[in-house]
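In this text, residue positions in the sequence shown follow the UniProt record's numbering: the first is 1, and each later residue adds one.
Note that CB positions come from ideal geometry on N, CA and C, so glycine has one too.
Here the structure is a predicted model, which means the values were calculated and not measured.
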Amino acid sequence: MTGIDFHSATLLAQEATEKAPSGVSAVTIILILLAVFVLPFILGAVISRALKLKEYSQKIGLVLFVAIVAATPFIWQISHGHDWRNAIRLGIDLAGGSNMVFEVDQGKSEKELSNEVMDQMVGAIGRRINPSGTEEVTVRKVGQSRIEVIVPGADTEDVQRIKSLITRLGSLEFDIVANRRDHPREVRLAMEAKGKDVRDNEGRVIASWREVSSDEPFSTDDQMVVRPYTRKDGTQGQEVLVIIEPNEDRRITGKYLVRARQSTDQNGAPAVAFTFNARGGTLFSQLTSKNRPSKDGFHRHLAVLLDGKVHSAPRLIDTIGSEGQITGNFTQKEITDLLNVLNAGALEVPLKPEPVSEFSISPLLGVDVQQKGKQAIIIAAVAVIVFMLIYYRFSGLVANICLTLNLLLVMGAMSFINATFTLPGLAGLVLTIGMAVDANVLIFERIREEKNRGSSLRMAINNGFSRAFTTIVDANLTTLIVAVVLYVIGTDQVRGFAVTLFIGIVMSMFTALYVGRLIFDIFERKRWISDLKMMSIVGDTSIDFLGKRKITGAISVALIVIGMGVVIARGEENLDIDFTGGTMVTFEFEDQQNIDEVRASLQKAFNNSITLEQLELSNDPTSEGRFFRLRTTMNDADLENSGQKAADGIREKLNEAFDGTDHKLRKVTMDFGEVKKLTGSADSPAGTEVELTFSGDLKPSTVETYLKEEIAKIKNEDGSDKYERIPEFQVQGATAGEKEDETADASEEAARHKKMVAQFGPDLSAADLETALAEMKTVMATTAVLDEVNSFDSSVASEMQESALMAMLISLVAIVAYIWFRFQRITFGLAAVVALVHDVLVVLGLVALGAYLSNTALGPLMGLTDFKINLPMIAAFLTIVGYSLNDTIVVFDRIREVRGKNPALTTGMVNESLNQTLSRTLLTSLTTLIVVLILYAIGGEGIHGFAYCLVLGVFVGTYSSIFIASPVLVWLMNRPGSATARATQESEKQASVSNS
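Listed below in structure tokens is the structure:
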């Protein structure tokens with residue numbers, strides 16, 4: 001501990017000459033700016049002159065400018081030799097990674113929690129795990145005492161390292177080591193003190209016993225005061241007495257640190273150099289000057305404390321100013337992590353070592369979800385494009401151009417704002433395809449009406465766009481309200497959906513109203529079109545919709561009553577572990593299995609409290625029927641009395657479910673070699689090492705999970721946990737040349753091995769390690785391998801429920817307010833909300849009914865599964881609200897137009913409005929239905945429930961806009977005693993007289 005002197009020669013000023021990264025030249029930047037901001041308008045002028053339509057120069061230039069800006073991120077990636085997809089940021093459900101929620105350990109916190117403290121915590125954690133600021137990592141506050149950390153693309157091994165970085169307190173402190181010559185009073189009081197802290201007569205801490213981080217014998221030269229002590233795990237350690245400055249303002253801590261950087265010590269070993277600010281430098285200079293060697297050659301020692309432990313205690317040779325160096329037996333990994341922690345700053349309050357909620361997905365499964373999502377997008381886009389071409393012909397071609405540009409603009413905008421594409425976000429992109437067509441259909445049907453009235457082509461185009469404009473804006477703005485609420489209240493996955501939906505709606509309005517109009521105007525002015533031919537399936541109708549309101553009302557009441565009955569009967573079985581708390585695991589069989597048989601066995605073992613998904617990997621044809629993901633409400637709290645963790649309980653239940661059957665779970669046996677003692681060096685820490693051999697290929701991260709579980713079970717003699725905090729260790733492949741089981745996809749970063757080496761620090765005794773390994777060997781031989789284990793804390797789940805309900809309520813209130821403002825009558829808003837509540841209740845009931853029927857013969861036939869309500873499904877419900885509202889506002893807008901300034905609102909007016917908009921309603925529903933059915937059929941398990949909700953929502957939303965919203969509006973407007981009721985009675989009386 002004292003072999004390295006700490007003096008001016010070894011604490012040289014280390015102002016590293018850091019070269020600025022070579023960037024793009026000024027000429028290149030100017031050329032790029034010209035290409036993006038000037039070239040489109042030059043091309044617009046050239047094209048408009050060629051067409052002899054100079055008045056369209058600016059419009060053409062603007063469209064080209066927007067398209068080029070949107071394409072820039074992708075062009076940039078391609079021009080630098082990268083895949084264009086690198087411009088898109090993927091969430092953890094598409095790229096793999098982890099979402100962890102950490103909670104402040106308020107029992108160990110001396111500070112009162114405040115928004116300022118939590119903001120500082122978020123900043124420090126962000127700097128620790130993302131020191132360069134270039135990683136796609138999200139750190140944010142959740143509630144009053146939690147911090148959410150999202151790390152896309154990270155393998156479980158990276159996640160374990162990040163956990164350590166996050167929860168480490170990160171405090172740096174410098175104190176003088178007590179010696180018997182200078183500090184006799186402090187030494188005497190320390191020997192008499194019962195605790196670790198030594199106080200003076202005024203109660204101030206003047207000295208403290210601090211644990212030595214290394215197991216190497218601490219030198220007692222220079223009369224330093226050292227004592228042995230027994231750790232909680234039973235191993236022997238040492239404590240050294242350090243002098244504490246009573247005045248907190250004069251204590252030298254990490255708060256004065258300007259920066260820390262890597263260097264080498266006088267022996268060439270890795271070290272950490274640091275620089276203090278002016279105040280820190282002054283205090284450090286005063287402290288070291290005061291404790292310089294005496295004339296008789298007596299030396300004092302300076303204790304370097306990291307996280308409260310003495311890391312080193314070098315001799316002081318001379319006065320030290322603002323720069324110094326921390327030396328020790330560092331590995332390169334330890335150096336990197338220490339630098340990140342020191343430069344990020346200490347945490348204001350400690351965090352609990354394990355996250356209260358954790359969701360992880362392997363990169364391999366994320367790639368599979370991507371592929372299914374892309375497939376759904378492509379098929380949906382092709383289906384809509386073909387339908388629009390066949391039905392609307394030239395107008396359909398215009399709509400398809402707008403749709404293609406819309407997708408480019410959405411992707412480009414997402415890239416520019418660095419938004420995350422999540423699985424629900426991908427579904428939102430697919431949904432945008434269907435909803436983007438809606439604006440075009442509204443315009444085309446308006447143009448058709450104008451043509452049927454005898455208008456010229458130019459007048460029909462002009463009136464069609466101008467009359468559809470208000471309806472399109474009103475309908476889309478209400479959906480934007482839903483998207484904003486989702487973004488403010490939702491989780492990362494739901495936010496991805498909200499961002500995609502918001503951008504998609506804005507871009508669809510721009511492409512339909514601006515780009516579409518520009519194309520029509522150019523083609524009409526150039527006489528390239530003389531007529532707009534369109535198919536007409538619906539035609540003119542005169543259906544008495546309101547005459548059937550009693551029948552449809554009875555049907556709706558019956559659906560709601562039956563549905564709510566099923567919801568109540570299922571109880572908590574309706575909710576996924578997002579809302580109840582629980583555990584999610586992924587496991588594998590040796591051979592292909594039937595999902596119904598697997599589910600039946602699991603339901604017996606888990607008392608039906610499960611949800612099961614079958615996972616199929618696109619790049620592994622043998623994976624079908626072998627990989628499954630299980631969700632259960634079982635969590636750590638349920639097993640607290642037995643001392644088990646949820647993972648152990650689930651392994652036991654899995655064994656119980658499949659023992660004695662033909663369903664053979666994949667198990668891997670393990671053997672381990674002799675536990676070898678390591679000697680401390682610059683390249684490896686003091687501790688132990690052991691070789692592990694497995695019967696099958698495993699990821700090191702899976703092995704680490706097993707080891708942590710077994711170490712956590714080790715108890716003291718009194719039955720208390722020996723290791724409250726799991727000692728740090730690492731597991732890696734035994735040899736670099738060993739053949740690894742890697743897939744062809746580059747995204748699968750975690751190689752699998754049959755031979756590994758595990759290295760442990762000094763905090764874990766060799767005896768305890770052997771105990772943990774023996775238990776691990778037994779567990780692995782008798783239980784299934786769980787590739788992913790994710791936990792959801794019940795307290796977090798209850799907050800999720802509150803957030804979901806709040807999102808629904810805020811959306812409904814905001815929608816009523818907006819419609820009230822636009823239609824100048826609250827009755828329009830209330831009628832719309834009645835329809836929306838109807839839609840949500842009906843769909844909720846049908847979701848529960850679908851889950852109930854999933855175990856019958858209808859289940860496989862209709863693709864039904866045990867649907868559970870989770871956050872993505874809440875996003876689906878809010879999308880249904882937006883979609884249904886879109887339909888309802890289109891009808892209400894036509895009612896307002898038909899009614900004009902007439903104070904009355906008769907059933908005849910409403911029926912006329914419904915018949916006029918029927919073609920648009922059915923066509924929009926059909927195009928959206930095509931999209932969501934494709935999503936439901938091939939979108940994959942991850943969004944199956946989400947897509948099921950949307951399929952139901954299209955049917956129910958279309959139905960309610962006709963048979964619920966409109967009758968309710970008539971009833972509200974004509975309630976007894978109202979002015980509208982009197983006017984309506986008078987209007988109907990006059991109509992009766994004229995008819996007679």
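How far does the beta strand (DSSP E) with W209 in it reach, from first residue to last? 205–211
Quick one: what does DSSP say I150 is sitting in, helix, strand or coil? strand
In the DSSP assignment, what residue or residues form a beta bridge with A271? S263
Buried versus exposed, by CB contacts within 10 Å (16 or more), S289: exposed
Could you tell me if W209 is buried or exposed, where buried requires 16 or more neighbouring beta carbons within 10 angstroms of its beta carbon? Per the 10 Å Cβ criterion, buried.
Name the DSSP beta bridge partners of A303, please? D175
Buried or exposed for V38, please, with buried defined as at least 16 other CB atoms from any protein chain shown within 10 angstroms of its CB. exposed
I need the DSSP call for R393, collapsed to helix, strand or coil. coil
The beta strand (DSSP E) enclosing H944, as first and last residue numbers: Not the beta strand (DSSP E): H944 falls in the alpha helix (DSSP H), residues 944–963.
Nearest-angstrom Cα separation, counted from E717 out to H7: With a pLDDT of 35 at H7, under the threshold of 50, the predicted position of this residue should be treated as unreliable, and no value is reported.
Write down the C-beta distance between T865 and M973 rounded to the nearest angstrom, noting that I regard them as a contact closer than 8 Å. Actually they do not touch by this definition, with Cβ atoms about 43 Å apart.
Please report the distance separating the alpha-carbon of E652 from that of A712. If you take the alpha carbons of E652 and A712, they lie about 18 Å apart.
Just to confirm, are V177 and V242 a CB contact at a threshold of 8 Å? For V177 and V242, yes; Cβs fall inside 8 Å.
Euclidean distance between Cα positions of E588 and N277: 56 Å
Measuring CB atoms only, is the region 69–79 touching the region 391–404, in the sense that at least three cross pairs come out at less than 8 Å? Touching, no, given that fewer than three Cβ pairs across the two stretches are closer than 8 Å.
Alpha-carbon spacing of K667 relative to I335, whole angstroms: 37 Å
For E192 and N179, what's the separation of their Cα atoms in angstroms? If I take the Cα positions, the gap works out to 16 Å.
With a floor of 3 residues, list each beta strand (DSSP E) that falls wholly inside the region 227–259, ordered by position along the chain. The qualifying runs are 236–243.
Excluding the 5 residues preceding and the 5 following I934 in the sequence, name in chain order all residues of the same chain whose CB lies nearer than 7 Å to its CB. A376, I379, A380, A383
First through last residue of the beta strand (DSSP E) which encompasses residue 1085: No information on residue 1085 is available, as it lies outside the stretch 1 to 996 that the chain covers here.
DSSP-derived helix/strand/coil call for E709: helix
Between the CA atoms of R982 and P976 - distance to the nearest angstrom: 8 Å
Just to confirm, is the Cβ distance from V951 to Y936 under 8 Å? For V951 and Y936, yes; Cβs fall inside 8 Å.
Whose C-beta lies closer than 6 Å to the C-beta of G516 among residues of the same chain, with five residues either side of it excluded? V398, C402
Same chain, Cβ closer than 7 Å to A16, neighbours up to 5 away in sequence not counted: Low confidence applies here, because A16 scores a pLDDT of 29, under 50, leaving its location unreliable and the question unanswered by this model.
Looking at M670: is its Cβ nearer than 8 Å to the Cβ of I650? Cβ atoms of M670 and I650: not closer than 8 Å.
Please tell me whether T927 and V891 are closer than 8 Å, where the distance is taken between their beta carbons. no
From what residue to what residue does the alpha helix (DSSP H) around S919 run? 907–938
Taking 8 Å as the threshold (C-beta atoms), are V137 and M100 in contact? Annotated as distal: M100 and V137, with beta-carbon spacing of 8 Å or more.
Pick helix, strand or coil for A475, following the three-state DSSP scheme. helix
Thinking C-beta only, is S960 closer than 8 Å to L914? In this structure, S960 does not lie closer than 8 Å to L914 by Cβ.
Determine the closest residue to L64 out of L43, L172, G496, A807, with distance taken between C-alpha atoms. The candidate whose alpha carbon is nearest that of L64 is L43.
Can you give, in chain order, each stretch of the alpha helix (DSSP H) that sits fully within the region 760–839 and has at least 4 residues? 766–782, 794–823
Outcome for N400 when other beta-carbon atoms lying within 10 angstroms are tallied against a minimum of 16: buried
Which value, in whole angstroms, describes the spacing of the CA atoms of K548 and I895? 18 Å
As assigned by DSSP and simplified to three states, the class of M224: strand
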